[in-house]
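Peer 1: The structure's right below; bear with me while I get my questions together.
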Amino acid sequence: MLDPRMMKLAEVLIGYSTALKPGEKILIEAIDVPPEMVCALIRAARAAGGDPLVTLKSNVVQRALLMSSSEAQMNLIADVEAMRMERVDAYIGLRGSHNIAEQSDVPTAAHTLYQSTVWKRVHQEIRVPKTRWVVLRWPHPAMAQQAGRSTEDFESFYFDVCTMDYARMSRAMQPLKERMERTDRVRLVGPGTDLAFSIHGIPAIACDGRVNIPDGEVFTAPVRDSVSGVIKFNARTIYQGTIHDGVELEFQAGRVVRATSSNPQHLTKVLDTDPGARYVGEFAIGFNPFITEPMLDILFDEKIAGSFHFTPGQAYEEADNGNRSSIHWDLVCLQDAAHGGGEIWFDGELIRKDGMFVVDDLRPLNPENLR
21 MLDPRMMKLA EVLIGYSTAL KPGEKILIEA IDVPPEMVCA LIRAARAAGG DPLVTLKSNV
81 VQRALLMSSS EAQMNLIADV EAMRMERVDA YIGLRGSHNI AEQSDVPTAA HTLYQSTVWK
141 RVHQEIRVPK TRWVVLRWPH PAMAQQAGRS TEDFESFYFD VCTMDYARMS RAMQPLKERM
201 ERTDRVRLVG PGTDLAFSIH GIPAIACDGR VNIPDGEVFT APVRDSVSGV IKFNARTIYQ
261 GTIHDGVELE FQAGRVVRAT SSNPQHLTKV LDTDPGARYV GEFAIGFNPF ITEPMLDILF
321 DEKIAGSFHF TPGQAYEEAD NGNRSSIHWD LVCLQDAAHG GGEIWFDGEL IRKDGMFVVD
381 DLRPLNPENL R
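Going by my numbering, the letters in the sequence shown line up with residues 21 to 391, in that order.
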């Protein structure tokens with residue numbers, strides 16, 4: 021029997037996130053996702069008058085491909101997937117995982133090869149700039165375990181956060197977007213953190229459920245060479261299947277000059293991927309009221325109420341500071357009082373303290389006003 025929550029989520033993804041119109045083509049890419057959810061998306065797409073194309077994938081199969089990868093093989097995959105992506109108007113990426121560490125033993129060189137071929141050619145060059153797209157995770161017991169919840173409780177949380185009133189959030193985030201676009205200097209202060217940079221002249225993008233589900237952030241990018249100081253992240257992170265705790269970075273003239281974490285060897289390998297990996301491509305402020313604790317899943321963690329994230333690697337085309345890299349690693353810091361507090365300053369004005377916005381035009385983004 022189809023869970024009615026699946027149909028509600030499908031309607032949000034088709035009707036709001038991708039806003040599918042009659043006659044448009046949509047690619048549904050489902051990785052380790054129940055067929056019932058894929059069927060719900062197909063039904064919703066057809067009800068909207070769209071033509072769905074479906075690809076089913078597996079993290080276990082993806083690992084096998086990466087473990088034996090060659091440049092010719094990855095370019096062949098990129099050729100086929102790029103041709104398909106060029107033919108659609110919209111994209112839904114629904115990504116599940118029975119084991120978050122499934123790719124932890126894939127060599128860094130294989131990850132880099134995939135990112136510089138398939139990911140770059142299909143997603144960075146076509147999907148992101150040329151389609152209406154949304155990506156989201158699918159709840160599995162492994163995710164519930166990461167979040168420290170029972171499977172049933174996590175599923176309820178998942179559907180609550182993924183089907184919230186994103187239109188209301190969209191209206192509330194516009195003043196933050198406008199503030200960021202007229203700001204020059206940003207300062208981040210907190211335990212182990214004193215970082216300053218400029219965002220002058222770089223657009224701010226309001227993320228309101230039309231690109232990611234769950235959503236709830238406004239992002240921009242620092243002027244590439246302006247970042248100076250130190251930053252300590254208090255949310256665990258996983259990248260290329262490897263978990264890091266306590267990531268600390270020191271910047272001079274925009275470049276990471278010192279880095280440490282619970283896995284310093286892997287951290288250094290990632291930051292040495294290419295020249296752009298040691299520069300930052302994104303700065304974002306998160307405020308989803310239903311997400312309050314990290315769960316080692318970046319699509320949730322980067323939206324935590326009272327958080328910000330800072331991202332070594334590739335800049336997004338919509339908020340471009342010119343940095344180019346095959347990596348994009350969102351690192352999250354929680355600034356609510358329960359996690360040590362912290363402050364965000366725009367041009368010498370305190371705009372958020374201990375995770376709560378303190379200026380009148382941004383108070384509607386505080387949790388009590390969005391739930």
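Backbone N, C-alpha and C define an ideal beta-carbon position, used for all residues, glycine too.
Once you ignore the five residues that flank D350 on each side, which residues in its own chain have a CB closer than 6 Å to its CB?
Peer 2: Numbered from its first residue, the sequence shown carries residue 350 at position 330. I318, E322, H329 and T331, listed in sequence order.
Peer 1: Identify the continuous alpha helix (DSSP H) that holds D321 and give its terminal residues.
Peer 2: For the purposes of this step, residue 321 is taken as the residue at position 301 of the sequence shown. I318 to D321 is the extent of the alpha helix (DSSP H) around D321.
Peer 1: Starting from the C-beta of I97, find all residues in its chain whose C-beta is less than 7 Å away, skip the five residues before and the five after it, and write them out in chain order.
Peer 2: Stepping through the sequence shown from its first residue, residue 97 is reached at position 77. Answer for I97: V138, listed in chain order.
Peer 1: How many Å lie between Q355 and Y111 at the Cα?
Peer 2: As a working note, residue 355 is residue 335 in the sequence shown. As a working note, residue 111 is residue 91 in the sequence shown. When rounded, the distance between both Cα atoms is 33 Å.
Peer 1: Which residue marks the beginning of the alpha helix (DSSP H) containing V290, and which one marks its end?
Peer 2: Residue 290 sits at position 270 when you count from the first residue of the sequence shown. Run containing V290: P284 to L291, per the alpha helix (DSSP H) assignment.
Peer 1: Flag this pair as yes or no: are the beta carbons of L61 and I48 separated by less than 8 Å?
Peer 2: Sequence index remark: in the sequence shown, residue 61 carries index 41 (1-based). Sequence index remark: in the sequence shown, residue 48 carries index 28 (1-based). For L61 and I48, yes; Cβs fall inside 8 Å.
Peer 1: At 3 residues or longer, and completely inside the segment 161 to 246: list those beta strand (DSSP E) runs for me, N to C.
Peer 2: Complete beta strand (DSSP E) runs here, min 3: 205 to 210, 213 to 218, 225 to 227 and 237 to 240.
Peer 1: If you check the beta carbons only, do T171 and V108 fall under 8 Å apart?
Peer 2: In the sequence shown, the residue the question calls residue 171 occupies position 151. In the sequence shown, the residue the question calls residue 108 occupies position 88. No, the Cβ-Cβ distance between T171 and V108 is not below 8 Å.
Peer 1: Are S345 and T293 closer than 8 Å when you measure CB to CB?
Peer 2: The count along the sequence shown starts at 1 and reaches residue 345 at position 325. The count along the sequence shown starts at 1 and reaches residue 293 at position 273. Yes. Within cutoff.
Peer 1: Around the C-beta of G333, are 16 or more other C-beta atoms found within 10 angstroms, so that it is buried, or is it exposed?
Peer 2: For this step, residue 333 is matched to residue 313 along the sequence shown. Buried, since its Cβ has 16 or more Cβ neighbours within 10 Å.
Peer 1: What would DSSP say about K41, mapped onto helix, strand or coil?
Peer 2: Locating residue 41 in the sequence shown gives position 21, where the first residue counts as 1. Residue state, collapsed to three classes: coil.
Peer 1: Please determine, among L156, V155 and Y178, the residue with the shortest C-alpha to C-alpha distance to A164.
Peer 2: The residue labelled residue 164 in the question sits at position 144 within the sequence shown. Looking at the Cα atoms, Y178 is the closest of the given residues.
Peer 1: Which parts of the segment 323 to 368 are runs of the beta strand (DSSP E), unbroken and 3 residues or longer, counting only runs that do not cross its ends?
Peer 2: DSSP runs (the beta strand (DSSP E)) wholly in the segment 323 to 368: 327 to 332, 351 to 354 and 363 to 366.
Peer 1: Rounded to whole angstroms, what is the Cα-Cα separation between G236 and C182?
Peer 2: Along the sequence shown, read from residue 1 onward, the residue named residue 236 stands at position 216. Along the sequence shown, read from residue 1 onward, the residue named residue 182 stands at position 162. When rounded, the distance between both Cα atoms is 11 Å.
Peer 1: Given a cut-off of 8 Å, decide if I146 and A102 are closer than it, judged by their beta-carbon atoms.
Peer 2: Here residue 102 is taken as the residue at index 82 of the sequence shown, counted from 1. Here residue 146 is taken as the residue at index 126 of the sequence shown, counted from 1. Yes. Within cutoff.
Peer 1: Can you look up R123 in the DSSP assignment and give me helix, strand or coil?
Peer 2: One-based indexing of the sequence shown puts residue 123 at position 103. Sequence inspection shows Gln at residue 123; the Arg mentioned does not correspond to that position. Looking at Q123 - three-state DSSP - the assignment turns out to be coil, as it is neither helix nor strand.
Peer 1: From V352 to R256, what distance separates their C-alpha atoms?
Peer 2: Taking the sequence shown and counting its residues from 1, one reaches residue 352 at position 332. Taking the sequence shown and counting its residues from 1, one reaches residue 256 at position 236. Rounded to whole angstroms, V352 to R256 spans 8 Å at the Cα level.
Peer 1: Exposed or buried, S89, counting other C-beta atoms within 10 Å across all chains shown (16 or more means buried)?
Peer 2: For the purposes of this step, residue 89 is taken as the residue at position 69 of the sequence shown. By the 10 Å Cβ count, S89 comes out buried.
Peer 1: Does S248 come out as helix, strand or coil in the three-state DSSP assignment?
Peer 2: Position 228 of the sequence shown holds residue 248. In this structure, S248 counts as strand in the three-state DSSP scheme.
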